[in-house]
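Chemist: Residue numbers for the sequence shown follow this note's numbering, so the first one is 1341 and each next one is one higher.
From the three backbone atoms N, C-alpha and C, an ideal C-beta is built for every residue, glycine too.
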Amino acid sequence: MRMTEDELAQYRRDGYIVFPVRFSPAEIAILRNETARLSAIEADTVIRERTGGVRSIFRVHEEDGATRSAAFRALVRT
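(1) Determine the direct distance from the alpha carbon of T1375 to that of G1405, and round the result to whole angstroms.
(2) Tell me whether R1395 sits in a helix, a strand or coil according to DSSP, three-state version.
(3) What are the partner residues of V1386, as DSSP defines its beta bridges?
(4) Ordered along the chain, which non-local residues of its own chain (more than five positions away) have a Cβ less than 8 angstroms from that of A1349?
(5) Using a 10 Å radius around the Cβ and a threshold of 16 neighbouring Cβ atoms, would you call V1361 buried or exposed?
(6) Put E1299 into one of helix, strand or coil per three-state DSSP.
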């Protein structure tokens, strides 16, 4: 999905933009499932807190690597 001209103008004016509803429930479910899958991976691209919880997952948008993700790659390409 591309931003409209009005959205771009608002971003340029304010420096940020809020999208109240941008994803369908099905798209959100896909991204949540993908996040859970990626969180289970033991790799240097998955940064964990001392408690073991995931803090960050890097390189999800790339085409190779332990944390590659077609779903997140498609998200950043739209």
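Modeler: Once the coordinates are examined:
(1) Residue numbering aside, residue 1405 sits at position 65 when the sequence shown is read from its first letter. Residue numbering aside, residue 1375 sits at position 35 when the sequence shown is read from its first letter. Their backbone Cα atoms lie some 15 angstroms apart in a straight line.
(2) What you label residue 1395 is simply residue 55 of the sequence shown in a count that begins at 1. Here R1395 sits in strand by DSSP.
(3) Here residue 1386 refers to the residue found at position 46 of the sequence shown. BP columns for V1386 point to I1397.
(4) As a first step, residue 1349 must be located in the sequence shown, where it is residue number 9. Correct list: empty, nothing qualifies.
(5) What you label residue 1361 is simply residue 21 of the sequence shown in a count that begins at 1. Answer is exposed; the Cβ neighbour count stays below 16.
(6) A query on residue 1299 cannot be resolved here, the shown segment of the chain reaching from 1341 to 1418 and no further.
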